[in-house]
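In our numbering, each residue's number is its place in the sequence shown (first place is 1) plus 135.
Okay, so here's the structure we're looking at.
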Amino acid sequence: MTMLGAPVSLVDVMAMKMTEVMIRPLPETTARTTGLKALSNIEDMTSWADVLAIGPGLSQHQETTELVRQVVSRSPLPVVLDADGINAFINHTELFSACASDIMMTPHIGELSRLTNRTAQEIMNDRIGIAKQTAQSLHVTVILKGACSVIADPTGRVSINPTGNPGMATAGSGDVLTGILSALISQRLPVWDAARLGVYLHGLAGDLGAKAMGQHSLIAGDLIDHLPDAFLQVRQTCRQRD
136 MTMLGAPVSL VDVMAMKMTE VMIRPLPETT ARTTGLKALS NIEDMTSWAD VLAIGPGLSQ
196 HQETTELVRQ VVSRSPLPVV LDADGINAFI NHTELFSACA SDIMMTPHIG ELSRLTNRTA
256 QEIMNDRIGI AKQTAQSLHV TVILKGACSV IADPTGRVSI NPTGNPGMAT AGSGDVLTGI
316 LSALISQRLP VWDAARLGVY LHGLAGDLGA KAMGQHSLIA GDLIDHLPDA FLQVRQTCRQ
376 RD
């Protein structure tokens with residue numbers, strides 16, 4: 136089961152678009168973003184949860200970013216950070232070391248550049264090294280998205296993902312990955328295993344979509360549509376190896 140917390144003024148729109156999830160209205164700012172007063176609501180609505188996903192569609196409103204930092208710092212649950220969930224920690228990366236739970240973040244190069252105060256070119260020149268260094272210094276699992284996404288964890292482990300294609304560079308694709316990762320963690324997979332499997336499945340769904348309709352027309356919804364086949368293909372491969 137998935138519960139979505141959204142600014143109260145947006146709940147009706149969300150309810151029409153997302154019939155598969157439970158939606159909880161949250162106090163909002165004057166800019167109609169989620170406000171600090173939502174902290175107690177979020178803690179209440181996640182009391183039954185297994186994982187917390189934060190970031191997609193969030194905004195960088197000052198009050199909202201402060202809320203994100205407080206939620207993550209206080210959460211007993213594993214947290215998956217994407218998009219503005221990551222941006223909320225620009226100039227506040229020291230907070231990660233105080234978190235009691237596992238943190239996974241899924242930055243693209245631009246987001247990692249802002250978070251680590253490195254240029255995009257520096258990261259491009261050493262994606263593996265910088266992903267590993269970031270994971271170890273911040274005590275988080277990093278999924279550096281891009282061609283052959285790099286996965287690194289605080290212990291120094293690194294994995295390179297072989298699936299995916301350029302057609303997946305489309306709005307919402309990263310949000311789909313956040314959902315996949317959260318779903319896998321909620322099934323009690325260790326964070327490292329969930330990261331590697333989630334990125335692999337995400338890329339494989341994109342590859343299956345590209346095979347069916349070409350890379351140029353791929354949208355995020357196509358990845359979701361091809362996820363069942365991606366899961367099936369992985370299961371079949373595992374059975375053949377057994």
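Yeah, the Cβ is synthetic: ideal placement off N, Cα and C, and Gly gets one too.
Between residue i and residue j, what straight-line distance do the alpha-carbon atoms span, to the nearest angstrom?
i	j	result
Leu-174	Thr-137	18 Å
Ala-365	Arg-167	37 Å
Gly-291	Ser-308	27 Å
Ala-355	Leu-171	30 Å
Gly-245	Pro-289	21 Å
Leu-161	Pro-211	20 Å
Ile-158	Asn-260	42 Å
Pro-325	Pro-301	29 Å
Leu-250	Leu-279	12 Å
Met-303	Asp-357	10 Å
Ser-272	Glu-229	9 Å
Pro-242	Lys-346	26 Å
Ala-233	Thr-269	16 Å
Ile-265	Thr-372	32 Å
Pro-297	Tyr-335	7 Å
Leu-253	Leu-247	According to the sequence displayed, residue 253 carries Arg and not Leu. Computed Cα separation, rounded: 8 Å.
Leu-202	Val-369	38 Å
Glu-178	Gly-299	36 Å
Leu-139	Leu-353	26 Å
Ala-150	Ser-144	11 Å
Leu-87	Ala-340	As displayed, the chain neither begins before 136 nor continues past 377, which places residue 87 out of reach and without an answer.
Asn-176	Asp-377	46 Å
Leu-183	Met-348	The question names Leu, yet the displayed sequence has Trp at residue 183. Each residue's Cα considered, the two are about 40 Å apart.
Ile-315	Pro-213	14 Å
Can the beta-carbon of residue i be found less than 7 Å from the beta-carbon of residue j?
i	j	result
Met-239	Val-215	yes
His-227	Arg-204	yes
Asp-217	Gly-190	yes
Ser-321	Asp-219	no
Ala-287	Lys-267	yes
Glu-155	Pro-142	no
Val-275	Phe-224	no
Ala-329	Leu-343	no
Thr-413	Ala-188	Only positions 136 to 377 of the chain appear in this structure, which leaves residue 413 out of reach.
Val-311	Ile-258	no
Thr-199	Thr-169	yes
Buried or exposed: where does residue i fall if 16 or more other Cβ atoms within 10 Å of its Cβ makes it buried?
i	result
Asn-222	buried
Ile-295	exposed
Lys-152	exposed
Thr-165	exposed
Gly-338	buried
His-351	exposed
Ser-284	buried
Arg-362	Looking at the sequence shown, residue 362 is not Arg but Leu. Buried.
Arg-262	buried
Asp-237	buried
Arg-331	buried
For residue i, name the three-state secondary structure that DSSP assigns.
i	result
Met-240	strand
Ser-308	helix
Gly-190	coil
Arg-159	strand
Met-149	helix
Gly-140	strand
Ile-295	strand
Gly-169	One detail in the question is off: residue 169 reads as Thr in this sequence, not Gly. In this structure, Thr-169 counts as strand in the three-state DSSP scheme.
Arg-323	coil
Thr-154	coil
Ala-355	helix
Gln-205	helix
Asp-377	coil
Thr-372	helix
Ser-317	helix
Is there a C-beta anywhere in chain B that falls below 7 Å from the one on residue i?
i	result
Gly-333	The displayed structure is made up of one protein chain only, and chain B is not part of it.
Runs of 3 residues minimum, wholly inside the region 210-234: which ones carry the beta strand (DSSP E) assignment?
214-216
Length at least 4, wholly inside the region 249-290: the alpha helix (DSSP H) runs in chain order
If we require 4 residues or more, the alpha helix (DSSP H) runs fully inside the region 249-290 come out as 255-260, 262-273.
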